[in-house]
Amino acid sequence: MKSIFTFLTIGTLAFWLTACSDAHDHGHAHGGHDDHDESHEGEISLTAAAIENHGITVRQAEQRELRETFSAPARLAYNEDALAHVGTLVSGRVSRLAKGVGDPVAAADLLFVIDSAELGSAQNDHLAKLAELTAAATAFQIAEQYFQSGKELSAAEAVSRAD
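So this is what it looks like as structure tokens:
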């Protein structure tokens, strides 16, 4: 940062000193306009002592690569007003954010996706219970069919009753 500032200061002063010098030759005669005022409004001049005190040097300008970084004292912190604490029913890790900062959100919108071992276990238990329910429903249908067949045979007195 200091070297960039020094380079820019030197370059600016070199430009001002060469542009404001009285020994200029523009390649044309001053015919008809020699009577201009010798005071240059806005001209900046530095004494030799000021130049020496501030370490100003005059050199020929050269091309250099400038870095786009600089150092500055700072403290980084998140904006507490923009932070939302979202509670979940399961523990896990957020693997994808569906909404970003400033995006509009409506009820039932997907906000994020959570990878959770606890949720995976609960889903497996749920699927196992659904499979058990399907098997039980099938067994119930078969038993109901047998019951209806037995009821029809009993009504037709095709089956003897055990007393």
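Counting with my numbering, you get residues 244 to 406 for the letters of the sequence shown. By construction, the Cβ of each residue, glycine as well, lies at the ideal position given by its N, Cα and C atoms.
Of all C-beta pairs linking the region 331-345 to the region 360-375, three or more are shorter than 8 Å, placing the two stretches in contact. Residue 387 and residue 370 have their C-alpha atoms some 25 Å from each other. In the DSSP annotation of this structure, the continuous segment of the beta strand (DSSP E) that includes residue 355 starts and ends at 355-358. Going by DSSP, residue 338 is part of the beta strand (DSSP E) stretching over 336-340. Taking C-beta separations shorter than 8 Å and ignoring five residues to either side along the sequence, the partners of residue 341 in its chain run 352, 353, 354, 355, 356, following chain order. For residue 295, the enclosing alpha helix (DSSP H) has its first and last residue at 291-296. Inter-residue distance for residue 372 and residue 317 is about 57 Å (C-alpha atoms, whole angstroms). Going by C-alpha positions, residue 376 is about 15 Å away from residue 366. If you check the CB distance, residue 304 and residue 254 come in under 7 Å.
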